[in-house]
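In the working numbering, the protein residues as written are 195 to 737.
All C-beta atoms, glycine included, are put in the ideal place defined by N, C-alpha and C.
Note that the structure is predicted; figures quoted are calculated from it, not measured.
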Amino acid sequence: MMASNILRGTLLLTAATFISKFLGMIYTIPFYELVKEDGGALYVHAYTPYNILISISTVGVPLAVSKFVSKYNALGDYYTGRRMFKAGMSLMIVTGILAFAILYIGADFLANIASVSDKHGNNVEDIAMVIRMVSFALIIIPSMSIVRGFFQGYGSMGPTAVSQVIEQIARILFLLVGAYVTIHVFNGTVPQAVGFATFAAFIGGIVSFISLGIFWRKRKPYLDKQLAMQKETFDIPLIDLYKELFRYAGPFVLVGIATPLYQEIDVLTIERAMNAVGLGENVNTVQSNITMYGHKLVIIPVTVATGLALAIIPSLTKAFTDRNRELIFHQINQSLQIVMLLILPAVVGMSLLGFEVYGTFYGINDNLPLNGKLLSWYAPVALLFGLFTVSSSILQGINEQRYALVSLTAGLLLKVLLNVPLIHLFGGIGAVLGTMIAVATAVILNLFKIRRAINFPFKQFIKRSMLIAIFTVIMAITVLLTKWLLGTFINYTDNRLQMLFVMTVSIIVGASVYLWLSYESTLLERVLGNRVRIIDKVFRRKK
195 MMASNILRGT LLLTAATFIS KFLGMIYTIP FYELVKEDGG ALYVHAYTPY
245 NILISISTVG VPLAVSKFVS KYNALGDYYT GRRMFKAGMS LMIVTGILAF
295 AILYIGADFL ANIASVSDKH GNNVEDIAMV IRMVSFALII IPSMSIVRGF
345 FQGYGSMGPT AVSQVIEQIA RILFLLVGAY VTIHVFNGTV PQAVGFATFA
395 AFIGGIVSFI SLGIFWRKRK PYLDKQLAMQ KETFDIPLID LYKELFRYAG
445 PFVLVGIATP LYQEIDVLTI ERAMNAVGLG ENVNTVQSNI TMYGHKLVII
495 PVTVATGLAL AIIPSLTKAF TDRNRELIFH QINQSLQIVM LLILPAVVGM
545 SLLGFEVYGT FYGINDNLPL NGKLLSWYAP VALLFGLFTV SSSILQGINE
595 QRYALVSLTA GLLLKVLLNV PLIHLFGGIG AVLGTMIAVA TAVILNLFKI
645 RRAINFPFKQ FIKRSMLIAI FTVIMAITVL LTKWLLGTFI NYTDNRLQML
695 FVMTVSIIVG ASVYLWLSYE STLLERVLGN RVRIIDKVFR RKK
C-alpha cells in the first residue's frame, strides 16, 4: 500500500512538473521569435541569480517542512507540525523581503560581474534592469512555497501539483503578452520586453498563492479535526524547532541551487573564455542555448526525477523513522530504476536528434548546426541531473542530508576549475563537458554514501540498468535507421515542417520499440510495480 501511495504521489507531481516544464519549453518558441538569442541570453542573466535566491525557499525550507511535518505526523504529533508551519511562514516572509532587497540593490554589482561591455554580449544597464524586474517575485514566492511543503508533509501532493501548473500558465501568459505588446504595440526594445518577461514570475506567484489559499480553506476543517484528536505533544521550544528545520533545510537548499549554480558559473565564464580564444561572435548563441533554449528542452526528462524527489521524502522519512529496512530498500531501488527507465532513452534520443529537435522548436538559421551540436552534447546531462536530484533526496530521507554539501561542493569545485580550460579547448561544448564531469562526480559520491550509510545493495539496480541500456541501444539504432531512411526521401535540412515530420516519426518509432521491449520483458511492471494498463491495451501481452 505504501509503495502504491509513493507511486501515485510521484505520478501526480511528475505529471504536474512535466506540464509545467513542458509549458516552460513551449513558450520559448514564440519568445525566441520575439527576442532571439540576444534576448534569451539577457533573460538568463536575470533568472540565474534569481533562481539561486528563490531555491533557498522553494526547494530548501518547504521540503524541509515537508520532512518535518511527515516525521511528527508519523509520531502522532500534529500540533508540532502546525507550529512549524506558522514559524516557517513568518520566517519566509522575512527572508523573502531580504532576498528581494539583496537582488534589487545588488543588480548593478551582478551586472558588472556578468558583462564584458566592450565585447560581445549584453550591456551592464540592460542586465541590471532585468535583474531588478525579476526581483519582485522574491517578495511572495517564499511564503507561498511553505504552504506547498506543509501539504506534502501530509502526503497530499494535489495542492502543489495544481498550484505549480496554474503558476506556470499565469507566468507564461503575462510573459508572452507583455513581450509582444512591448515590441509590436509600443515599439519598445528587446531589453524592455525581456524586463516584462522576467516580471511575470511575480504575477505567477500571486496566482499560485491564491490557488493554495483555496485548498487551505477546503482542507482546514479536516486538519483541525486531526489536531483536536491529538492526545499529547512533544512541546518542543521554538528555538529547537528552528534548529531542526535548518538542519533539514540546509542540504535541501544546496540541492535546489545546484543547477542554477552550474548555470551561473557558465554565465560568468563563457563570455570571457570564448572572447579569449576568438569565438566571441558565438557567445550569445552558446550562452542562450546552454542556459535557456537548449536547457528548457533538456530539463523535460528531469521532471521525472523532480517528481520522485518531492514524493519520496515524506514516505522514505517515515520508513526510516519506523526502521523498516525492507521498505527503505524497495523505495530507493524503485526511485533510481524509474530514473534510468524513463530518462536514459529520452536523453539518448534527444542526443541523436539534436539538430532536428532544435531546428523544429527554434527554426532554421545559420546558427542551427552549432545549436544542434550543443543540444546533442548537453542532452545526456539530464540523466546526471536526475540521478543527482533523486540520490540527494534519498540521502535526506535517511538522515544523511549533510553529505549533500560534500557532493555538491566537489561538483562545483570541478566545474569552476575545468570550465575555462575546457571552453578554450572545445569552445561552447567545453562548458557542457564541465557540467557533465561535475554532476557525474556528485552523483558517484552520493551513491557511495548511500551504500555506506545503510549498506544498500546496488545489485538489482545495476542488473536492471544494464537491461535498460541494452534496450536503449536497440532503440538508438532504430532511431538512426529511421532518420536515415526518411532523409533519403526528404531533404528536411532547410524546411522546418519537414524537419518536424522526421523528428516526430523517428521519436514515435524509437519510443515504440523501446516500450515494446520493456513491456515484453516485464521490465516495466518490475520497475513500476504494476502492469501498465494503457500499454497492455496497445501491445496485449499474454498473461
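Given a cut-off of 7 angstroms, decide if M669 and V707 are closer than it, judged by their beta-carbon atoms. Walking along the sequence shown from the start, residue 707 turns up at place 513. Walking along the sequence shown from the start, residue 669 turns up at place 475. Going by C-beta atoms, V707 is nearer than 7 angstroms to M669.
Tell me whether the region 600–611 and the region 623–642 touch, counting them as touching only if at least three CB pairs, one residue from each stretch, are closer than 8 angstroms. yes
Identify whether P574 lies in helix, strand or coil by the three-state DSSP scheme. The residue you call residue 574 lines up with position 380 of the sequence shown. Three-state result, P574: coil.
By a C-beta neighbour count over all protein chains shown, 10 Å radius and 16 as the cutoff for buried, is R645 buried or exposed? In the sequence shown, the residue the question calls residue 645 occupies position 451. Its Cβ having fewer than 16 others within 10 Å, R645 is exposed.
When you compare each of I684, Y416, A625 and L577 to L458 by their alpha carbons, which one comes out closest? Reading the sequence shown from its first residue, position 264 is the one you call residue 458. The sequence shown places Glu at residue 458, rather than the Leu named in the question. Minimum Cα distance to E458 is reached at A625.
Proximity of Q424 and Y273 at Cβ, strictly below 7 angstroms: Numbered from 1 along the sequence shown, position 230 holds the residue referred to as residue 424. Numbered from 1 along the sequence shown, position 79 holds the residue referred to as residue 273. Yes. Within cutoff.
Name the residue from N478, A513 and K567 whose alpha carbon lies nearest to the alpha carbon of F620. In the sequence shown, counting from the first residue as 1, residue 620 sits at position 426. If we check each option's Cα against that of F620, K567 comes out closest.
Whole-angstrom C-beta distance between I334 and G282, which should lie under 8 angstroms: Position 88 of the sequence shown, counted from the first residue, corresponds to residue 282. Position 140 of the sequence shown, counted from the first residue, corresponds to residue 334. At roughly 15 angstroms, the Cβ-Cβ gap does not stay under 8 angstroms, so G282 and I334 are not in contact.
Check each candidate in E227, A258, P336 and N593 and name the one with the smallest Cα separation from H378. One-based indexing of the sequence shown puts residue 378 at position 184. The residue with the shortest Cα to Cα distance from H378 is E227.
Short check: CB of S264 to CB of K512, under 7 angstroms? If you number the sequence shown from 1, residue 264 lands on position 70. If you number the sequence shown from 1, residue 512 lands on position 318. Closer than 7 angstroms, so yes.
Three-way DSSP call (helix, strand, coil) for A210 in this model: For the purposes of this step, residue 210 is taken as residue 16 along the sequence shown, with counting starting at 1. DSSP places A210 in helix when its eight states are reduced to three.
Nearest-angstrom Cα separation, counted from L674 out to R596: Taking the first residue of the sequence shown as position 1, residue 596 is located at position 402. Taking the first residue of the sequence shown as position 1, residue 674 is located at position 480. Taking the straight line joining both Cα atoms gives about 44 angstroms.
Can you look up N381 in the DSSP assignment and give me helix, strand or coil? Position 187 of the sequence shown, counted from the start, is the residue given in the question as residue 381. Coil at N381, not helix or strand.
Going by the CB atoms, is the gap between L547 and K351 shorter than 7 angstroms? As a working mapping, residue 351 is identified with position 157 in the sequence shown. As a working mapping, residue 547 is identified with position 353 in the sequence shown. Strictly speaking, residue 351 in this sequence is Met, with Lys absent from that position. Cβ atoms of M351 and L547: not closer than 7 angstroms.
Note down the Cα distance separating T687 from E465, rounded to an integer number of angstroms. Position 493 of the sequence shown, counted from the first residue, corresponds to residue 687. Position 271 of the sequence shown, counted from the first residue, corresponds to residue 465. Cα to Cα, T687 sits roughly 29 angstroms from E465.
Less than 7 angstroms between the beta carbons of I617 and A467, yes or no? For this step, residue 617 is matched to residue 423 along the sequence shown. For this step, residue 467 is matched to residue 273 along the sequence shown. Contact: yes.
Pick from I648, F440 and V328 that is closest to A394, judged by C-alpha positions: Position 200 of the sequence shown, counting from 1, holds the residue named residue 394. When only C-alpha atoms are compared, the closest one is V328.
For Y348, three-class secondary structure by DSSP: To locate residue 348, count along the sequence shown from 1; it is residue 154. Coil at Y348, not helix or strand.
My guess is that M219 and K490 are in contact by the Cβ rule of under 8 angstroms, so how many angstroms apart are they, rounded? Position 25 of the sequence shown, counting from 1, holds the residue named residue 219. Position 296 of the sequence shown, counting from 1, holds the residue named residue 490. With a Cβ gap of about 4 angstroms, M219 and K490 count as contacting.
Across the region 233–250 and the region 562–576, are there enough close Cβ pairs to call them in contact, namely three or more that are closer than 8 angstroms? no
Between A443, H239 and T479, which lies nearest to N561 when the distance is taken from Cα to Cα? Counting from 1 along the sequence shown, the entry for residue 561 is found at position 367. Of the listed residues, the one whose Cα sits closest to N561 is T479.
Using the Cα positions of P256 and F428, report the straight-line distance between them to the nearest angstrom. To locate residue 256, count along the sequence shown from 1; it is residue 62. To locate residue 428, count along the sequence shown from 1; it is residue 234. Approximately 22 angstroms, taken between the alpha carbons.
With distances taken from CA atoms, which of L473, T485 and L462 is nearest G233? As a position in the sequence shown, residue 233 is number 39, starting the count at 1. For the residues L473, T485 and L462, the minimum Cα distance to G233 belongs to T485.
W571, buried or exposed, once every other Cβ within 10 Å from all chains shown has been counted against 16: The count along the sequence shown starts at 1 and reaches residue 571 at position 377. So W571 ends up on the buried side.
Check P431 in the structure and name its three-state DSSP category. As a first step, residue 431 is located in the sequence shown; it is residue number 237 there, counting from the start. Of the three classes helix, strand and coil, the one that applies to P431 here is coil, per DSSP.
Keeping to the same chain, check which residues put their C-beta closer than 7 angstroms to that of E361; ignore five residues upstream and five downstream. Sequence index remark: in the sequence shown, residue 361 carries index 167 (1-based). Within the same chain, E361 has close Cβ partners G398, G399, V401 and S402.
Cα separation between I532 and Y713? Stepping through the sequence shown from its first residue, residue 532 is reached at position 338. Stepping through the sequence shown from its first residue, residue 713 is reached at position 519. Going from the Cα of I532 to the Cα of Y713 covers about 14 angstroms.
Neighbourhood of R342 by C-beta, 6 angstroms cutoff - its chain only, sequence neighbours within 5 removed: Counting from one through the sequence shown, the residue named residue 342 turns up at place 148. So the list reads P256 and T354, once near-sequence residues are dropped.
In angstroms, rounded to a whole number, what distance separates the CA positions of L206 and F345? Walking along the sequence shown from the start, residue 206 turns up at place 12. Walking along the sequence shown from the start, residue 345 turns up at place 151. Taking the straight line joining both Cα atoms gives about 14 angstroms.
Distance between beta carbons of T666 and P539, contact taken as under 8 angstroms: Numbered from 1 along the sequence shown, position 345 holds the residue referred to as residue 539. Numbered from 1 along the sequence shown, position 472 holds the residue referred to as residue 666. P539 to T666, Cβ: 5 angstroms. Contact.
Neighbourhood of H239 by C-beta, 6 angstroms cutoff - its chain only, sequence neighbours within 5 removed: Here residue 239 is taken as the residue at index 45 of the sequence shown, counted from 1. A308 and I321.
Assign P539 to one of three DSSP states: helix, strand, or coil. Residue mapping note: residue 539 aligns to position 345 of the sequence shown, counting from 1. Three-state result, P539: helix.
Give me, in chain order, the residues of the same chain whose beta-carbon lies closer than 8 angstroms to that of G704; leave out the 5 immediate sequence neighbours on both sides. Within the sequence shown, the letter at position 510 stands for residue 704. Once the five neighbours on either side are set aside, the close Cβ partners of G704 are P539, G543, M669, A670, T672, V673 and T676.
Please name the residue in Y221, V721 and Y416 whose C-alpha comes closest to that of I366. The residue you call residue 366 lines up with position 172 of the sequence shown. Nearest of Y221, V721 and Y416 to I366, Cα basis: Y221.
Proximity to V452 [Cα-Cα], best of L599, S700 and W678: Along the sequence shown, one-based indexing puts residue 452 at 258. For the sequence presented, residue 452 should be read as Ala rather than Val. Taking only the C-alpha atoms, the option nearest A452 is L599.
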